[in-house]
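Step one of this worksheet: look at the structure below.
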Amino acid sequence: MVRIRGQFNEWAKIGSIHKLDKFTNGLTPECIQLQRSMDGRATGEAIVCFPSRVEAERAVLEKNRQHIGNRYIELYLI
C-alpha cells in the first residue's frame with residue numbers, strides 16, 4: 646500500500662479522480678481510499694492498494710515528488 650500526501654483538498658470532485666487515474670497510468674491500483682478528517686472534510690491524502698509490494702515500490706519510485714495537475718505530491722510505502 647502507498648499513502649499519497651499533498652493532493653487536492655476536495656478529492657471527491659470528478660476532475661480530481663480523473664487526474665489521479667491519469668497519474669497512475671502504467672500502474673494497476675486495486676483500490677483508492679480517500680482520507681477524511683473526523684468532521685468529514687477531505688484531508689488531501691489517500692491510501693492506494695496495489696496487487697503486490699513490488700508494484701507499490703515501483704509507484705513510489707516512479708511517482709514520488711511528481712505533480713497531479715498543479716499539486717506537488719509525495720508517496721510513502723505503508
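One rule links them: number in the working numbering = place in the sequence shown (from 1) + 645. Built from N, CA and C at the ideal position, the CB exists for glycine as well.
1. Please work out which residues of its chain come closer than 7 Å, Cβ to Cβ, to Q678, disregarding the five sequence neighbours upstream and downstream, and give them in chain order.
2. Would you mind working out which of L706, G685, G651 sits nearest G671, comparing C-alpha positions?
3. How far does the alpha helix (DSSP H) with E675 in it reach, from first residue to last?
4. I'd like to confirm the pairing. Which residues does DSSP put opposite L722 in its beta bridges?
5. What whole-angstrom Cβ distance do G651 and Y717 have, given they're in contact under 8 Å?
6. P696 and T673 look like a contact to me (Cβ under 8 Å); what is the Cβ gap, rounded to whole Å?
Taking the coordinates as given:
1. Taking C-beta separations shorter than 7 Å and ignoring five residues to either side along the sequence, the partners of Q678 in its chain run A691, I692, following chain order.
2. L706
3. Here E675 belongs to no alpha helix (DSSP H), and DSSP marks it neither H nor E.
4. V647
5. Taking a contact as a CB-CB distance under 8 Å, the pair G651 and Y717 counts as one, their CB atoms being some 6 Å apart.
6. 6 Å
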